[in-house]
Amino acid sequence: MLPVRGGDGRKLTVWGIRTTWSTVGDGEFFCPDCGGDRNYRRRTGRRRFTVLGVPLLPRGAAGPVIECQGCRERFETEVLDHLTTTRFSAMLRDAVHTVTLAVLAAGGTASRGALEAAVSAVRAAGFQDCTEEQLESLVEALATDEGRLGLYDVPECCGAALAIELHEVLEPLAPHLAGPGRESILLQGARIALADGPYTPAEREVLATVGAALRIASEDVTRLLSAVRAP
Ligand SMILES: [Zn+2]
Numbered sequence: 559m560l561p562v563r564g565g566d567g568r569k570l571t572v573w574g575i576r577t578t579w580s581t582v583g584d585g586e587f588f589c590p591d592c593g594g595d596r597n598y599r600r601r602t603g604r605r606r607f608t609v610l611g612v613p614l615l616p617r618g619a620a621g622p623v624i625e626c627q628g629c630r631e632r633f634e635t636e637v638l639d640h641l642t643t644t645r646f647s648a649m650l651r652d653a654v655h656t657v658t659l660a661v662l663a664a665g666g667t668a669s670r671g672a673l674e675a676a677v678s679a680v681r682a683a684g685f686q687d688c689t690e691e692q693l694e695s696l697v698e699a700l701a702t703d704e705g706r707l708g709l710y711d712v713p714e715c716c717g718a719a720l721a722i723e724l725h726e727v728l729e730p731l732a733p734h735l736a737g738p739g740r741e742s743i744l745l746q747g748a749r750i751a752l753a754d755g756p757y758t759p760a761e762r763e764v765l766a767t768v769g770a771a772l773r774i775a776s777e778d779v780t781r782l783l784s785a786v787r788a789p
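This is how it looks when you write it as structure tokens:
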């Protein structure tokens, strides 16, 4: 804008570019300025060349931008790549729950120790109401299901369906976690596996799948697993 002084000293804008924004969508995102989950509007703009405030010539499109409804700050659309806090905690909770079920399915639920370790891991992850009975019946359902599908034909294998499930839950989470966060999910699984004695081959198999899905190098998985002590 080019400001000039009017006779009364007020700034007058002779010409400039004015952008009019319209909303094309909305949702929830993590606002880096507010530092929390906020609603956003996705907006696109139309630029117009103005003379004395009157829009005359179109000057192309602006945006799209993401506008925070809390602080009104505008961001590039890449800001949506960052998970909301709510979504992130839900993914983390589901990750621990799935890893726990997979380890129990591989190692069996006969041992109280393993079930207790499993329940406390799942509760700590955010499912406060989780009980041993619940986990037991989930694992049973899983075993029956997979048994029927013939996925346990190879006894050393954790079951193809379970492996797919682990990848689906863990892979999208991995890029949002730093190394220690990813390792911590693996270690929680390892502690449950060790609660009823040394790792069985099936438990090792599950934990290797967990490590791979979390993008932990296989030699690091081996190192981490051998460093864990039983709870
Ligand atoms: Zn904000």
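Note that our numbering gives residue 577 to position 19 of the sequence shown, counting from 1, and the numbers run on in steps of one.
Just so you know, even glycine gets a beta-carbon here, dropped at the ideal spot from N, CA and C.
Name the DSSP beta bridge partners of P616, please?
-> R606
Does DSSP put R787 in a helix, in a strand, or in coil?
-> coil
Cβ-heavy atom distance, R596 to ligand 1, below 6 Å | yes
Have a look at R781 and G603 and give me their C-alpha separation to the nearest angstrom.
-> 53 Å
Residues in its own chain within less than 7 Å of T635 by CB, not counting five upstream and five downstream?
-> P622 and I624
First and last residue of the beta strand (DSSP E) that includes I750?
-> Here I750 belongs to no beta strand (DSSP E); instead the alpha helix (DSSP H) covers G737 to L752.
Near A751, which residues of its chain fall below 7 Å by C-beta distance, leaving aside the five closest residues on each side in sequence?
-> V661, G665, Y757, E761 and L765
If you draw a straight line from the C-alpha of E777 to the C-alpha of A736, how long is it?
-> 18 Å
Looking only at its own chain, which residues have a Cβ that is under 7 Å from the Cβ of H734, when we skip the five neighbours before and after it?
-> L641 and F646
Residues sharing a beta bridge with C626, DSSP = Y598
Assuming V680 contacts V654 (C-beta within less than 8 Å), just tell me the rounded distance between them.
-> 6 Å
Check: C688 C-beta below 6 Å from any heavy atom of ligand 1 | no
In terms of residues, what are the limits of the alpha helix (DSSP H) holding G762?
-> First, the residue type needs correcting, since residue 762 is Arg and not Gly in the sequence shown. Looking at the DSSP string, the run of the alpha helix (DSSP H) that includes R762 is P759 to A771.
Please classify L707: is it buried, with 16 or more other beta-carbons within 10 angstroms of its beta-carbon, or exposed?
-> Only weak support exists for where L707 lies, its pLDDT of 46 falling under 50; the value from the coordinates is given anyway. Exposed is the call here.
Run through DSSP, which three-state label would G665 get?
-> helix
Pair within 7 Å by beta-carbon distance, D754 and G671 | yes
Close-in-space but distant-in-sequence residues of the same chain around N597 (CB under 7 Å, 5 per side omitted) | D584, E586 and Q627
Provide the residue span of the beta strand (DSSP E) that contains I575, from first to last.
-> W573 to C589
Do A718 and T767 have their C-beta atoms closer together than 7 Å?
-> no
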